[in-house]
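Q: Following this message is one structure expressed as C-alpha cells.
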C-alpha cells in the first residue's frame, strides 16, 4: 500500500465534509499522533486510521443503509435501529475501493 497516496486521497475527501467534522478529524489526528509517538506505534498507520475514521459520518441514516446494501455490508438488527453505527464499515469499504 502506498500510504502517502492513500492519505492524500483521504485528505481530499475530508475537504468535502462539513467544517465541524473536518475540525473533529484534524483534532483526532493531532491527539493520535501524540499518542503514537508516546507509545511508539507506527505513525503512518495511526494517521491514516484517524484521518479516515469518520469519512462517512455526515451521511443520513437512509444513505448509510443504502450504501451498506450496495456495498454488501452485513447489517445487524442493532445497526438497522442505529444506522450511524454503519459509518465506519461504509468508510472502510470506500477505502478498499479508493472511493
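In the working numbering, the protein residues as written are 18 to 116.
Where a beta carbon is used, it is the ideal one built from N, C-alpha and C, also for glycine.
Roughly how far, in whole angstroms, is the beta-carbon of residue 13 from the beta-carbon of residue 60, given that I think they are within contact range, below 8 Å?
A: As displayed, the chain neither begins before 18 nor continues past 116, which places residue 13 out of reach and without an answer.
Q: Using the Cβ count rule (16 or more neighbours within 10 Å means buried), how would you classify residue 114?
A: Exposed is the call here.
Q: Within the segment 84–111, note down every full alpha helix (DSSP H) run reaching 4 residues or more, in order along the chain.
A: Qualifying alpha helix (DSSP H) stretches, in chain order: 94–98.
Q: Who are the near neighbours of residue 88 in its chain, counting only those whose CB is closer than 7 Å to its CB and skipping five residues on each side?
A: So the list reads 107, 110, once near-sequence residues are dropped.
Q: Measure the alpha-carbon distance for residue 56 versus residue 48 and round it to whole angstroms.
A: Using only the alpha carbons, I get a separation of about 12 Å.
Q: Measure the alpha-carbon distance for residue 93 versus residue 44 and round it to whole angstroms.
A: In a straight line, the C-alpha of residue 93 is about 31 Å away from that of residue 44.
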